[in-house]
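Visitor: Okay, so the sequence shown: first residue is 1 according to full-length UniProt numbering, each after it adds one.
Glycine included, C-beta positions come from ideal geometry on N, C-alpha and C.
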Amino acid sequence: MLGDLIFFLRSFHGFLASSGTTGAILAWLISFKPALFGFLFLLLLLSNWLLKHELNQAPCQPQTVCQRVQTELAEKAKAPEVNPNYATERELEKMNVCFALQDKVLERLLFSEMKLKALENQMFIIWNKLNHRRWHSRHRNFSRRFSWTAGLNPQGSGIFHALERMKTRACHQPRLLKGKKKWLSRALIGFLFLFSVAMTGCFLWQYHLPKLQTGSLKPEVTPAPVKMCPHHPELVPLAHPLPVLKEALEKVDGILRKAMLAPGLAAMSALVVHNDTVLWTGNFGKKNGSDPNSGTPNEYTIYRIASISKIFPVLMLYRLWEEGTVASLDDPLERYASTFSINNPLGKTQDPEPQDPAGEFEEMGSLPKPSSVTLRRMASQLSGLPRRLRGTSLLWRGSTQEALSLLRDDVLVADPGSRCHYSTLAFSLLAHVLAAHTAQGNYERWVSEQVLEPLGMSDTSFTLTGAVRARLAAGFYGSGRSAPLYDLGWYRPSGQMYSTAADLARLAVALLGAGPRRLLRPDSLATLLSPLRTCAHGYFAQETGTPWEFHEQHGYRVARKDGDLDGYAASLALVPPLRLGFVLLLAGPRPPTRDLVADALDLLLPALEHALRDAERAPAPPPSARPFAGFFTFANRTFYEVRAAGPRGELRLRQFGPRVEALVPAAFRSIALRHVRGRIFQLHVAREFPCTLPLADAWLSLEAQHGQLVRFYPLDRHGLAPGFDVPGLNTYGVLRLQRRPVFSSQ
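Right, here's the structure in full:
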């Protein structure tokens, strides 16, 4: 029964949706306001049911018009016809009237009484089933499945007979509820009443819920997160051990220890440095994986460092640039190798060559135009040079002049500066060409004297000597086969070197500018560690530099140099804003499923940032706060108060005034003054603050104020500074006031 009721409601919904405005409204109620529709429908059902029970007690109504017409037709059919044509026309007219009346009766009954009868029967059956009592519906013999197609059948079993049965049943059906069954009618009425009240309450509850506004139909816009400053914490000395760093380093140890299960990986040495301090070292596996009695490696075990060797030709370039031997990092290679020439079919700006009247190319009269292969591009994978010389391998043992001769008949694989393209040739050629302009005249000798010896990298070299072999970790392929130790010949500057984790830690400290020994000036180091170009999606790095591959992690730009050579892998990663370095040396291939450097930095970067922010030092106070304390104004528009605050007498600069107090939150009206020296202070907003603040229709940049220098004027005869300047904010002539200003309420 319940399934029939659901089927009927679905059919009723489809019929209403296609039957005009009223039907559409009812269909909308069924779809979107079912509670309201159910309430109205049940009220209609209840009223109709009560009305029919009242009619059941009334006498039968007289014959309908249609029945009278049929009776007259039957009587006239028995009487003799005087005028057959006239009688036929009269009969046809009466029959048409009868059919029209029958259609109206059909329309009204089919969509009201019949369906309500069916619903009534089904509700009685459901009620009886819920009460586990049998109710013999012998008085309710109305068919539950009325054949709609029967209404189109002109035979006696069609709609007319169904209508006739309905009228007969309406006239002769006895009263349903008698005697002891009257309680069922009252219970049903009570149930329907309570159900109607409940539906009304649900409707009112839904009606009073907040409505969706018309304007809110637009896509919801998620507010952008507030950008916090400073972007990187201040570098301050850290006390060791710190719990947050200790926990991160223990997790790094676990990751690397688990990575030793990779096939072919026999030994691993790793090291973490911060500033000039080694925070952690880790050594795993066996120095010789094929010897069960071999010991564990340590930070002094030697590995091949492969492409990390490319750092040293770049150091030579920058050092010669500082010394003036190289005029500019962007000098063309022809300036230092006059015989260099290579075809550039992808050049975007090529001047047409002059032609003679006969149409042949002239060979005289114009100088060759310098190529766009510059020293900086060679050092940053942007030169467009091929990966190696045509027809050579890494074991090629030719000379630099032979290399230049091979390049004359070769072509660039990319227009210089247009895209990232890895080239071992570029670094080897750069090293050999620049070495010819040094006093040593030899690249390896220059590196030993100018870099390795000053930094104390005594275990780093180019040559596989007996001493190196004795301390060398044995390299293996992924299959477990031992890897050969071959010499790279002319390509030695690009990947020949041997080193230890301890020596690379010294190099990392020097490149971060944290140690006592400096390789380059601070501005040169900043240029060295800056990216030059964003690489395409297919390249293995996000950005390229000299010679670094840059990757973004946790808001920091990580400068990495990775190297892989038969049986060995090596990585050196630097994070200059944190002065963090990570060294990883492997005897065997890298694990194919994980980037160990990225995994380690994912743990180290948040931990070190958290430790530095917690350890930021408080602003240093001046020897005496009296000369600088007082009230100041800038052109009578902006007003400041400088006063001592805190247990040590630190100075704070507070901005006040009606407009400031109305627009700027109280937490950001006061800025600390960190004493630098003498009458020089530095603005310090807070450890962490929003980079910008909205002020009505403008923005206040707290990031621009943080770190700016404040210079107080020389003291007057009363020992007070008459005013101060903030040059970085273009603010001059902030003058002292004798007393606190009073603002009118107007």
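#1: Where does H554 fall in DSSP's three states?
#2: Just how far apart, CA to CA, sit S701 and T692?
#3: Between which two residues does the beta strand (DSSP E) carrying Q682 extend?
#4: Would you list, in sequence order, the uninterrupted alpha helix (DSSP H) runs of no fewer than 4 residues that lie entirely inside the stretch 616-692?
#5: Answer with buried or exposed for P658, where buried requires no fewer than 16 other C-beta atoms within 10 angstroms of its C-beta.
#6: So, is S309 buried or exposed, given that buried needs 16 or more other C-beta atoms within 10 angstroms?
#7: How about G282 and A587: do their beta carbons lie closer than 9 Å?
#8: Would you say T463 and L452 are within 9 Å of each other, going by their C-beta atoms?
#9: Exposed or buried, what is R739 when buried is set at 16 or more other beta-carbons lying within 10 Å of its beta-carbon?
#10: Pick from L249, R533, G475: whose alpha carbon is nearest that of D602?
#11: Can at least three beta-carbon pairs, one atom from the stretch 383-402 and one from the stretch 480-500, be found at a separation below 8 Å?
#12: Looking only at its own chain, which residues have a Cβ that is under 7 Å from the Cβ of P59, when we skip the five neighbours before and after it?
#13: For N442 and R376, I'd like the C-alpha separation in whole angstroms.
#14: I'd like to check one pair, M497 with F427: are the Cβ atoms closer than 9 Å?
#15: Quick one: any contact between the stretch 272-280 and the stretch 508-517, if contact means 3 or more CB pairs under 8 Å?
#16: With DSSP collapsed to three states, give me the class of G515.
#17: If I measure Cβ to Cβ from P722 and keep anything under 6 Å in the same chain, skipping five residues before and after, which residues do I get?
#18: Measure from the alpha carbon of R408 to the alpha carbon of each residue in E334, S418, S448, then state which is nearest.
#19: So, does the stretch 517-531 touch the stretch 261-269, judging by three or more C-beta pairs under 8 Å?
#20: Is the number of C-beta pairs between the stretch 474-482 and the stretch 566-573 that are closer than 8 Å three or more?
#21: Do P619 and E650 have their CB atoms nearer than 9 Å?
#22: Within this structure, are the beta carbons of A611 and L256 separated by less than 9 Å?
#23: Taking contact to mean at least 3 C-beta pairs separated by less than 8 Å, is the stretch 227-236 in contact with the stretch 432-446?
#24: Here's the rule I'm using: 16 or more other beta-carbon atoms within 10 Å means buried, otherwise exposed. How should L320 be labelled?
#25: For F628 versus R679, is the C-beta distance shorter than 9 Å?
#26: Keeping to the same chain, check which residues put their C-beta closer than 6 Å to that of Q440; ignore five residues upstream and five downstream.
#27: Along the chain, where does the alpha helix (DSSP H) that runs through H432 open and close?
#28: Going by other Cβ atoms of all chains shown within 10 Å of its Cβ, with 16 needed for buried, is H554 buried or exposed?
#29: For G563 and S571, I'd like the C-alpha separation in whole angstroms.
#30: If you draw a straight line from the alpha carbon of S458 to that of L584, how long is it in whole angstroms?
#31: Between the Cα of G456 and the Cα atoms of R506, A327, S341, which residue gives the shortest distance?
#32: For G723, would you say it is in contact with chain D, using Cβ-to-Cβ distances shorter than 9 Å as the test?
#33: Excluding five sequence neighbours on each side, which residues of the same chain lie with their C-beta closer than 7 Å to the C-beta of A667?
#34: Output needed for V413: all residues of its chain with C-beta closer than 7 Å, excluding positions within five of it in sequence on either side, in chain order.
#35: Please name the residue in P592, F743, V326, L525 whose C-alpha comes closest to that of V660.
#36: At the level of alpha carbons, what is the spacing between L194 and A662?
Guide: In terms of the structure at hand:
#1: The residue given as residue 554 occupies position 554 in the sequence shown. It is coil, neither helix nor strand.
#2: Taking the first residue of the sequence shown as position 1, residue 701 is located at position 701. Taking the first residue of the sequence shown as position 1, residue 692 is located at position 692. Spanning the two alpha carbons is a distance of roughly 4 Å.
#3: Looking up residue 682 in the sequence shown gives position 682. Secondary structure note for Q682: its beta strand (DSSP E) is the uninterrupted segment 680-684.
#4: Every alpha helix (DSSP H) stretch that sits fully inside the stretch 616-692 and reaches 4 residues is listed by chain position as 658-663.
#5: Position 658 of the sequence shown, counting from 1, holds the residue named residue 658. P658 is exposed by the Cβ-count criterion.
#6: As a first step, residue 309 is located in the sequence shown; it is residue number 309 there, counting from the start. Classification for S309: buried.
#7: By one-based count along the sequence shown, residue 282 stands at place 282. By one-based count along the sequence shown, residue 587 stands at place 587. No. Outside cutoff.
#8: Reading the sequence shown from its first residue, position 463 is the one you call residue 463. Reading the sequence shown from its first residue, position 452 is the one you call residue 452. Contact: no.
#9: As a first step, residue 739 is located in the sequence shown; it is residue number 739 there, counting from the start. Exposed is the call here.
#10: Within the sequence shown, numbered from 1, the residue matching residue 602 stands at position 602. Checked all of L249, R533, G475; the closest Cα to D602 is L249.
#11: yes
#12: Stepping through the sequence shown from its first residue, residue 59 is reached at position 59. For P59, the predicted structure reports a pLDDT of 47, less than 50, and the residue's modelled location is therefore unreliable. The matter cannot be settled from this model.
#13: Here residue 442 is taken as the residue at index 442 of the sequence shown, counted from 1. Here residue 376 is taken as the residue at index 376 of the sequence shown, counted from 1. Linking N442 to R376 through their CA atoms gives a straight-line distance of about 21 Å.
#14: Translated into the one-based positions of the sequence shown, residue 427 becomes position 427. Translated into the one-based positions of the sequence shown, residue 497 becomes position 497. Against a cut-off of 9 Å, the Cβ pair of M497 and F427 comes out as no contact.
#15: Under the three-pair Cβ rule at 8 Å, the stretch 272-280 counts as touching the stretch 508-517.
#16: Start at 1 with the first residue of the sequence shown, and residue 515 comes out as number 515. G515: coil per DSSP, three-state reduction.
#17: The sequence position of residue 722 within the sequence shown is 722, counting from 1. Result list for P722: Y713, D716, R736, in chain order.
#18: In the sequence shown, residue 408 corresponds to position 408, counting from 1. Checked all of E334, S418, S448; the closest Cα to R408 is E334.
#19: Cβ pair count under 8 Å is below three, so no.
#20: yes
#21: In the sequence shown, counting from the first residue as 1, residue 619 sits at position 619. In the sequence shown, counting from the first residue as 1, residue 650 sits at position 650. Cβ distance < 9 Å, so P619 and E650 count as in contact.
#22: As a working note, residue 611 is residue 611 in the sequence shown. As a working note, residue 256 is residue 256 in the sequence shown. The answer is no: Cβ separation not under 9 Å.
#23: no
#24: Numbered from 1 along the sequence shown, position 320 holds the residue referred to as residue 320. L320 comes out buried.
#25: On the sequence shown, position 628 is the one that residue 628 refers to. On the sequence shown, position 679 is the one that residue 679 refers to. A contact, by the Cβ cut-off of 9 Å.
#26: Numbered from its first residue, the sequence shown carries residue 440 at position 440. Cβ within range, chain order: W446.
#27: Along the sequence shown, read from residue 1 onward, the residue named residue 432 stands at position 432. Per DSSP, H432 belongs to the alpha helix (DSSP H) from 424-435.
#28: As a position in the sequence shown, residue 554 is number 554, starting the count at 1. H554 comes out exposed.
#29: Position 563 of the sequence shown, counted from the start, is the residue given in the question as residue 563. Position 571 of the sequence shown, counted from the start, is the residue given in the question as residue 571. Taking the straight line joining both Cα atoms gives about 6 Å.
#30: In the sequence shown, residue 458 corresponds to position 458, counting from 1. In the sequence shown, residue 584 corresponds to position 584, counting from 1. If I take the Cα positions, the gap works out to 19 Å.
#31: Position 456 of the sequence shown, counting from 1, holds the residue named residue 456. Comparing Cα positions, the closest option is R506.
#32: The structure shown has no chain D; it contains just one protein chain.
#33: Indexing the sequence shown from 1 puts residue 667 at position 667. Excluding sequence neighbours, A667 sits near nothing in its chain.
#34: Here residue 413 refers to the residue found at position 413 of the sequence shown. Taken in chain order, the residues that qualify are G384, P386, H421.
#35: Within the sequence shown, the letter at position 660 stands for residue 660. The option with the nearest alpha carbon to V660 is F743.
#36: For the purposes of this step, residue 194 is taken as the residue at position 194 of the sequence shown. For the purposes of this step, residue 662 is taken as the residue at position 662 of the sequence shown. Taking the straight line from one Cα to the other gives about 58 Å.
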